[in-house]
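The next block holds one structure in the form of structure tokens; read it before the comments.
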């Protein structure tokens, strides 16, 4: 369908594409997602959201702080190696992931060896078993924290400007969705005319 739209390049289709791009720019400036326009910004919803995340952060943040301290050096080393290598933009994330995995595994083995030398072999085994989950938990808590701060910012934006902003954006988004659906049906009908609805027999 998209190939057909691009190939024929009709005026109505170009207008719809411009309207979609304009709506996307507005959401981007406000740092909102399309689904955010349908979120409930009432206080009781915010209280429930806070309660659900409070327990997670009360337990997770202290462990994440410990993990951040334990893996601070390999984390910084990964950034330094990436900056020196200057990988291409399209492989930057993959490069960082691979280098980070190697440096964190090597650091875990080094810490386990140090624990075995300074303490006992049981400490080395414990380090090998506990450090990887601690590192994963640290990443999970950090990602959840970033998501939570974004959600809080969106909540206050919707609370502050929801009465004058949301109705217009919602209506525009519903209109765009209807126009997209109509376009899809139009293209499907022209590509497969035998499937298009027609007059019933006897009428």
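Numbering (this note's numbering), first residue to last: 611 to 813. Using N, Cα and C, we set each Cβ at its ideal position, and we do this for glycine too. Model, not experiment: these values are computed from the prediction.
For residue i, three-class secondary structure by DSSP
| i | result |
| --- | --- |
| residue 729 | coil |
| residue 646 | helix |
| residue 765 | helix |
| residue 641 | coil |
| residue 666 | helix |
| residue 811 | Confidence at residue 811 is low in this model, with a pLDDT of 48, below 50, so its placement is unreliable and the value that follows should be read with caution. If DSSP states are grouped into helix, strand and coil, residue 811 belongs with coil. |
First through last residue of the alpha helix (DSSP H) which encompasses residue i
| i | result |
| --- | --- |
| residue 701 | Taken as a continuous stretch (DSSP letters only), residue 701 belongs to no alpha helix (DSSP H), as it is neither H nor E. |
Cα-Cα separation, residue i to residue j
| i | j | result |
| --- | --- | --- |
| residue 629 | residue 785 | 10 angstroms |
| residue 683 | residue 742 | 15 angstroms |
| residue 748 | residue 677 | 6 angstroms |
| residue 729 | residue 740 | 16 angstroms |
| residue 756 | residue 777 | 28 angstroms |
| residue 759 | residue 623 | 38 angstroms |
| residue 752 | residue 787 | 35 angstroms |
| residue 790 | residue 761 | 28 angstroms |
| residue 702 | residue 690 | 13 angstroms |
| residue 626 | residue 698 | 35 angstroms |
| residue 781 | residue 796 | 22 angstroms |
Residue closest to residue i, alpha-carbon to alpha-carbon, out of the options
| i | options | result |
| --- | --- | --- |
| residue 724 | 715, 716, 734 | 734 |
| residue 670 | 643, 790, 745, 737 | 745 |
| residue 705 | 717, 716, 688 | 688 |
| residue 738 | 752, 685, 680, 781 | 680 |
| residue 709 | 685, 718, 726 | 685 |
| residue 763 | 632, 646, 624 | 646 |
| residue 775 | 640, 673, 719, 753 | 640 |
| residue 588 | 626, 707, 644 | The shown model of the chain, from 611 to 813, leaves out residue 588, and the question about it has no answer. |
| residue 719 | 736, 750, 707 | 736 |
| residue 754 | 674, 797, 765, 625 | 674 |
| residue 766 | 667, 631, 642 | 642 |
| residue 750 | 667, 631, 625, 632 | 667 |
Under 8 angstroms, with one C-beta from each stretch per pair, do the segment 691 to 702 and the segment 659 to 679 reach the 3-pair mark? no
Does the segment 635 to 647 come into contact with the segment 709 to 724, if we say contact requires no fewer than three beta-carbon pairs (one atom in each stretch) closer than 8 angstroms? no
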